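Enquirer: First the structure, then my questions, so here it is.
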Amino acid sequence: MAKTMYPSSEDLIHEKLVKRNPNCLQSRWSYLISKSHSPFNERLAIYERALKAHPDSYMLWEAYLGERLDLVKDLDVTYPQYETLNDAFERSLVTMHQMPTIWLMYLETLTAQKLITRTHETFDRAFSALHVTQHGRIWEAYLVFYDPVTHAEDFVEILLKYGRWKEAAENLATVLSGEFQSRKVKSVYSLWMDLLDVLVHHADDVSGLDVDGIIRRGIGKFIDEVGVFWTSLADYYMRKKMVEKMDLDDEEEEEELMKRRPVLANSVLLRQNPHNVEQWHHRVKLFEGDAEKQILTYTEAVSTVDPMKAVGESPHTLFVAFAKLYESHNDLVNARMVLEKAVQVNYKDGDHMACVWCEWAEMEVRHKNFKGALEMMRSATAAPWPEAPWIEPEQVHMELYKSLRLWSFYVDLEKSVGTLEATRDAYERILELRIATPLIILNYGKLLEENDYFEEAFKVYERGVNMFKYPQVKDIWVTYLTRFVEIYGKTKVERARELFDNVVSSDETKRAMEIYKEAMRKVADEKKLKMYEMYIVRAAELFGVKETREIFKEAVESSGVSEDDVKMMCIMFAEMERSVGEIDRARGIYRYASQFEDSQVVWEKWHELETEHSNEDTYRDMLSVKQTVSGSGLRPVKKSRSEEMARKKIREYDSKRLVKEHFKRLSGKELPIRSVQINQETDLNELVEKEPWLSSEKLVVKPDMLFGKRGKSGLVALKLDFAEVATFVKDRLGKEVEMSGCKGPITTFIVEPFVPHNEEFYLNIVSDRLGCSISFSECGGIDIEENWDKVKTISVPTGSSLTPEICAPLVATLPLEIKGELEDFIQVIFTLFQDLDFTFLEMNPFALVDGKPYPLDMRGELDDTAAFKNFKKWGDIEFPMPFGRVMSPTESFIHGLDEKTSASLKFTVLNPKGRIWTMVAGGGASVIYADTVGDLGYASELGNYAEYSGAPKEDEVLQYARVVIDCATANPDGKTRALVIGGGIANFTDVAATFNGIIRALKEKEAKLKAARMHIYVRRGGPNYQKGLAKMRSLGDEIGVPIEVYGPEATMTGICKEAIEYITAAA
């Protein structure tokens, strides 16, 4: 299969973004990040286009050159790719000639290429181009390049090696008499210790040197380590047998030591814990008045203290105090260098990093460098791009851009010395990051009001009251209402009334929910069902599906609700999930409800669900549960609703991948599973290059689509070579097949080596509330059901491990030569099952290959609620929809629209031939409309589930409405149809503005609406709803389509009933 020459759909999205904003660096950067795992040749064109548009972007050049360096790192320097690399560096230096990092990268590669003349010339160019304050960085590289043999440290090492003690001591003393920086990163103190070692231990060999003067010079230099030097001097005289010289002036020494006592005591404390930040600050104070010693102390402190081990104060205070010391001596260059190093440190707390940035910016402001301070804060608050392979930031750097301290300082700075637009952008970014506080909201609103942007200020207040709850929201409401009344007075009374109504209703809502919760605890058990029904209806209207689910869960698991009432709650719960397209959740609820006695109504509802939405596996599961309950007289083990719905099937490929990866981690043994996945996007040529065994072994290929009996359906091929596999896949990929009454295309195949074997075993592990059941048989394979009497099953209680004693019944009848191997295998698989939060794992069959277990076929289900703790272990896991359930083109279009907008747009086709269609604002309201149609007995006529919320833009509503109307009016058959455009009572959404998109769509589809004999029902309330409803009424007259319009005085369930009466009366 040839690799496509056309860009992918993801690439097209980025191309459009780049075309729309050709001068936006972030669009091009995001494009590069999305291609980070692609070959460099694919990213080359993107880089070149980006650099052409942004030739002065340091970030682009550094990333581009870094990748080019990676390309040649394993190549010999004679390869032509190096010349291409050098040309790229020369191009970069046209605009990056003031960037020392680019020069250093270029000089390093030239040095490696051993281009002596060119390297010399490039060093000269670097010195000419860069500011003198940056020459130090270039000199370091130049010394590495030059590397003189006569370097002092190397010379001393040679002298010591050959026993030339006197000359070695002379050279070391000479070096230490001036300013010296070790090439080998040795401290001056360490070099002095080396010198003392030579002078003392080779006292006779260093005759002629002024040893006394040398050591006393060290005493004057290291006043806090005088004990070592005095001892060394005494040792020297003792070895020279000059005892009279050892009679030092004790009184003078004692007086000197008393003066140095605070410093010596501090040295002891720092030796006990060199990461004590408070003691380092104290040490600096001890040298007050001696700036040089203070600088040396700070230098040693910041290089010694490990931020992760620091005690007392945060280590960032050392950097800040160090920079302020330089600032106090008007040395801003070194102050900036200190702070530049400080922002590269990985502190324990991101707030410490934010403090450093703020201190740096404040320093720039103190010295009137406002532009520099603004640029610095923009850089600090920029979001990182961790996907880029050349960036490896520490965690504290990754979280810095969410620091409220940093953003608060930044907006204050922009407000003081920046522009209004930049300040607004900063506030908007704070709101996007969801780190705003009520004070931020109030300050943002005040800023807009001061600049006469009153409506924008009110929108900010509205966002604030949506973000916070009582009591935090109180100040925002008070400010919002006060300012609105002060500005508009009596001119917008209706709008002011709506605002006050919203405040009151929000408080009433909270109180109402609290009353409902309290009622659940206080009412008699026989009244709880009715109370829960009221509670659920109200919660659905106000909060939507998510909150309603939690109440249902509480209801069905409540000890005070009778079994009959629980069954009714389960049916209501399942119907709600079914109405929003959550079939797996509904199926799980019915499974839970089936455990109770006299569950005929549950079975009828479950059977109805499976008739409409099942595949072979799900229908068989239902029959299995029913057989267990009614046939054997046993009840299934009780599971909670949440446990049942958490089970999500995964593909066989993913099951085997997880088992292979983690079997070795848990047992230390390799499980020789090999498999690949093929779908529409797979490049077979690349696949063979990546997995060479595909071209050298006989293979097995089969669909990986969550349905069984593939062999009996002719969908499994054995002992093929890869060319035959490619043909097999090509002939069936995308083709529709029917499996147990469900039709759908085959989109995914799994390919594995053909494994000859003689025996087949069966292993199955299933979790339930009380633990896990493990089933094992020596007679596995396609006839396992006929041999079910040979299956042995054990139970492992929750919290227990699978010990040899518990496992013994499973393997008791196995031959001794394989018994131990299979027992170990079952124990490891059970450990893996629990570690990865599997809920179901079946190997049917697995075989023994060279005496080692090898799974041939596998089915798995995971607890998707455990994804938060297993995302690293699971990797890129997919939870595919059941076979036969695929998104229609219209559903896919709305899904894509939903992903691109900050609003919520949902659309599921339930019955293409349905005669009742909905377009509802709000998640809770959409469920009520769908439930009402079902409760009135017309679920079979409900065409769709649709919900839009989150204040979508007019164009987005237009596209959404077009899709709904097209589906609702498709294939007119002469029968009447109804379209319900509804919703609850909005808090802040402008109803009239939302209706604009719907009205445009209705006008466009006038002919289709008439052909389908469509009758439209509108019910809405909220801000500006009268204007919106008036537009709808006039639209009906304009296009000649019957439209009945209602405000909040009508109930949501009432217009559903009217729609049903309309389609039934016309029939």
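Numbering-wise (my numbering), the sequence shown opens with residue 155 and increments by one. Cβ coordinates follow ideal geometry from the N, Cα and C atoms, glycine included. Treat the numbers as computed from the prediction; the structure is a model and nothing was measured.
1. Quick check on residue 442: does DSSP put it in helix, strand or coil?
2. Nearest-angstrom Cα distance between residue 1005 and residue 818?
3. Ordered along the chain, which non-local residues of its own chain (more than five positions away) have a Cβ less than 6 angstroms from that of residue 402?
4. Return yes when the C-beta of residue 1173 is under 7 angstroms from any heavy atom of the ligand ZN, and no when it is not.
5. If you follow the beta strand (DSSP E) that residue 927 is in, where does it begin and where does it stop?
6. Where DSSP assigns a beta bridge to residue 1062, which residues make up the other side?
7. Enumerate in chain order the residues of its own chain whose CB-to-CB distance from residue 1167 is below 8 angstroms, with the five nearest sequence positions on each side excluded.
8. Could you name the residues that DSSP lists as bridge partners for residue 949?
9. Which residues in the same chain as residue 283 place their Cβ atom closer than 6 angstroms to its Cβ, once the five residues preceding and following it in sequence are excluded?
10. Near residue 265, what residues of its chain come up, given a Cβ to Cβ distance below 7 angstroms and the 5 sequence neighbours on each side ignored?
11. Whose C-alpha, out of 467, 828, 470 and 648, is nearest the C-alpha of residue 1010?
12. Of the choices 353, 1187, 921 and 898, whose alpha-carbon is the least far from that of residue 953?
13. Which residues in the same chain as residue 1063 place their Cβ atom closer than 8 angstroms to its Cβ, once the five residues preceding and following it in sequence are excluded?
14. Can you look up residue 993 in the DSSP assignment and give me helix, strand or coil?
15. Mind checking which residues open and close the beta strand (DSSP E) that includes residue 1169?
16. Would you mind sorting residue 235 into buried or exposed? The rule is 16 or more other CB atoms within 10 Å of its CB.
17. In the DSSP assignment, the alpha helix (DSSP H) including residue 496 goes from what residue to what residue?
18. Closer than 8 angstroms by C-beta to residue 360: which residues in its own chain qualify, once you throw out the five before and the five after it? Chain order, please.
19. What residues in its chain sit with their C-beta under 7 angstroms from that of residue 429, if we drop five residues either side in the sequence?
20. Please classify residue 396: is it buried, with 16 or more other beta-carbons within 10 angstroms of its beta-carbon, or exposed?
21. From the DSSP output, in three-state form, read off residue 934 for me.
22. May I ask which residues mark the beginning and end of the alpha helix (DSSP H) holding residue 261?
23. Between residue 603 and the rest of its own chain, which residues show a CB-CB distance below 7 angstroms, the 5 nearest in sequence each way excluded?
24. Please list the segments of the beta strand (DSSP E) lying wholly inside the region 832-864, counting only runs of 3 or more residues, in order along the chain.
25. For my contact list, residue 992 and residue 802 are in at a C-beta cut-off of 8 angstroms; report their separation, rounded to the angstrom.
26. DSSP three-state call for residue 961: helix, strand or coil?
27. Opposite residue 921 in the DSSP bridges: which residues?
28. Given this structure, state the Cα-to-Cα distance separating residue 342 from residue 552, to the nearest angstrom.
29. Compare the C-beta of residue 757 against all C-beta atoms of chain B and say whether one is closer than 8 angstroms.
30. So, do the region 307-314 and the region 275-294 have three or more beta carbon pairs nearer to each other than 8 angstroms?
31. Tell me whether the beta-carbon of residue 995 lies closer than 8 angstroms to the beta-carbon of residue 919.
32. Taking all protein chains shown into account, decide if residue 1066 is buried (16 or more other Cβ within 10 angstroms of its Cβ) or exposed.
33. For residue 394, which residues in the same chain have their Cβ closer than 8 angstroms to its Cβ, ignoring the five residues on either side in sequence?
34. If you compare alpha carbons, which of 240, 1048 and 703 is closest to residue 1113?
35. According to DSSP, residue 1209 sits in a beta bridge with which residue or residues?
36. Does the region 900-912 touch the region 839-859, meaning 3 or more C-beta pairs lie closer than 8 angstroms?
Expert: Result, derived from the coordinates:
1. If DSSP states are grouped into helix, strand and coil, residue 442 belongs with coil.
2. The alpha-carbon atoms of residue 1005 and residue 818 are separated by roughly 17 angstroms.
3. Its pLDDT being 49, under 50, residue 402 is placed unreliably by the model, and nothing is read from it.
4. Looking for the ligand ZN in the displayed structure turns up nothing, as the structure carries no ligands at all.
5. In this chain, the beta strand (DSSP E) harbouring residue 927 covers 925-931.
6. As computed with DSSP, residue 1062 is found in a beta bridge with 1099.
7. For residue 1167, the CB contacts under 8 angstroms within the same chain, skipping 5 residues up- and downstream, are 1126, 1128, 1129, 1130, 1131 and 1220 in chain order.
8. Beta-bridge partners of residue 949 (DSSP): 927.
9. Taking residue 283 as the centre and dropping the five residues before and after it, the same chain places the C-beta of 251 closer than 6 angstroms to its C-beta, in chain order.
10. Hits under 7 angstroms: 273 and 299.
11. Nearest to residue 1010 by alpha-carbon distance, out of 467, 828, 470 and 648, is 828.
12. For residue 953, the closest of 353, 1187, 921 and 898 by C-alpha to C-alpha distance is 921.
13. Excluding the 5 residues flanking it on each side, residue 1063 has same chain C-beta neighbours closer than 8 angstroms at 1042, 1044, 1045, 1097, 1098 and 1121, in chain order.
14. The answer is strand: DSSP assigns residue 993 an E or B state.
15. Taken as a continuous stretch (DSSP letters only), the beta strand (DSSP E) holding residue 1169 covers 1168-1173.
16. Counting the other CB atoms within 10 Å of its CB gives residue 235 a total below 16, which places it among the exposed residues.
17. Counting along the chain, the alpha helix (DSSP H) containing residue 496 begins and ends at 486-496.
18. For residue 360, where only same-chain residues beyond five positions count, the Cβ hits under 8 angstroms are 319, 320, 323, 352 and 353.
19. Once the five neighbours on either side are set aside, the close Cβ partners of residue 429 are 459, 460, 463, 464 and 465.
20. When all chains shown are included, residue 396 counts as exposed.
21. In the displayed model, residue 934 falls within coil according to three-state DSSP, outside both helix and strand.
22. Run containing residue 261: 254-267, per the alpha helix (DSSP H) assignment.
23. Non-local beta-carbon contacts of residue 603 in its own chain, meaning distances under 7 angstroms to residues more than five positions away in sequence, involve 611 and 637 in chain order.
24. Correct list: 853-857.
25. Contact between residue 992 and residue 802 is ruled out by a C-beta separation of about 11 angstroms, above the 8 angstroms threshold.
26. Helix.
27. Bridge partners of residue 921: 926.
28. When rounded, the distance between both Cα atoms is 37 angstroms.
29. Here there is only one protein chain, and chain B is not present.
30. Segments in contact, no.
31. The Cβ atoms of residue 995 and residue 919 sit closer than 8 angstroms to each other.
32. Per the 10 Å Cβ criterion, exposed.
33. If we look at residue 394 and ignore the five residues flanking it on each side, its Cβ neighbours are 357 and 358.
34. Answer by Cα proximity: 1048.
35. None; residue 1209 has no bridge partner.
36. With a cut-off of 8 angstroms, the region 900-912 and the region 839-859 count as touching, because enough Cβ pairs lie within range.
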